[in-house]
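What follows is one structure encoded as C-alpha cells, with my remarks underneath.
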Amino acid sequence: MKKNSIVMFLLIWGGMYLLSALLLAGLAAILWKMNADSKVISGTVVAVYVVVSFLGGFLMGGFRGKQKMFWGCAIGICYFALLLLVGIWLMGTEFSGNSWIFSGCMVCAVTGMLGGMLAPGKTNVG
Numbered sequence: 125m126k127k128n129s130i131v132m133f134l135l136i137w138g139g140m141y142l143l144s145a146l147l148l149a150g151l152a153a154i155l156w157k158m159n160a161d162s163k164v165i166s167g168t169v170v171a172v173y174v175v176v177s178f179l180g181g182f183l184m185g186g187f188r189g190k191q192k193m194f195w196g197c198a199i200g201i202c203y204f205a206l207l208l209l210v211g212i213w214l215m216g217t218e219f220s221g222n223s224w225i226f227s228g229c230m231v232c233a234v235t236g237m238l239g240g241m242l243a244p245g246k247t248n249v250g
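At position 78 of the sequence shown (counting the first as 1) the number is 202 in our numbering, and the numbers step up by one without a gap.
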C-alpha cells in the first residue's frame, strides 16, 4: 500500500470516529428527552455503526478504485476493532460468553464491504 493510501485510510478511519461521536451525541440527547428504553438505545447504536461503516467503506472503496470489497471490509473491521479495544480499556468489557463481539464485527465488516461494493471506481473484472 502506498503512503498516500495509508494516509487516506487513516483520514477516513478517523472521520468515521468523528462522525460516530457526533451521531451518538445527538442521538443520546434525543433518546434522553424521549426517555427511551434500552432496546431503542441499542438499536440506534447499531444503526450508527451500520451507517458509519457503510460510509467508510464507500469512501475507501471509491478512493482505492480496485478491490473495493476488500477495502470496505477492512475499514469496517478496523473500525470495530478500535471500538472493541476502547471498550475493553475504558469499561473493562469481558470476552467470556459475549456473542455480540462476533455479531458486531460482522455488522461492521459486511456494511463496510457493501459500501465498498457500491462505491464508484474501477472494477476488478477482466
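Backbone N, C-alpha and C fix where the C-beta goes; we use that ideal spot for every residue, glycine too.
{"Check": "Buried or exposed for M184, please, with buried defined as at least 16 other CB atoms from any protein chain shown within 10 angstroms of its CB.", "Outcome": "buried"}
{"Check": "I'd like the span of the alpha helix (DSSP H) that includes N128, first residue to last.", "Outcome": "127-158"}
{"Check": "From L214, Y203, G245, pick the residue whose C-alpha is nearest to that of L143; which is it?", "Outcome": "Y203"}
{"Check": "Below 8 Å on the Cβ atoms is my contact criterion, and I expect T168 with G200 to pass it. Report the Cβ-Cβ distance as a whole number of Å.", "Outcome": "Not quite, the Cβ-Cβ distance comes to about 19 Å (not below 8 Å), so this is no contact."}
{"Check": "Closest to G253 by CA distance: which of N128, F133, K127 is it?", "Outcome": "In the structure as shown, the chain starts at 125 and stops at 250, and residue 253 therefore has no counterpart that could be examined."}
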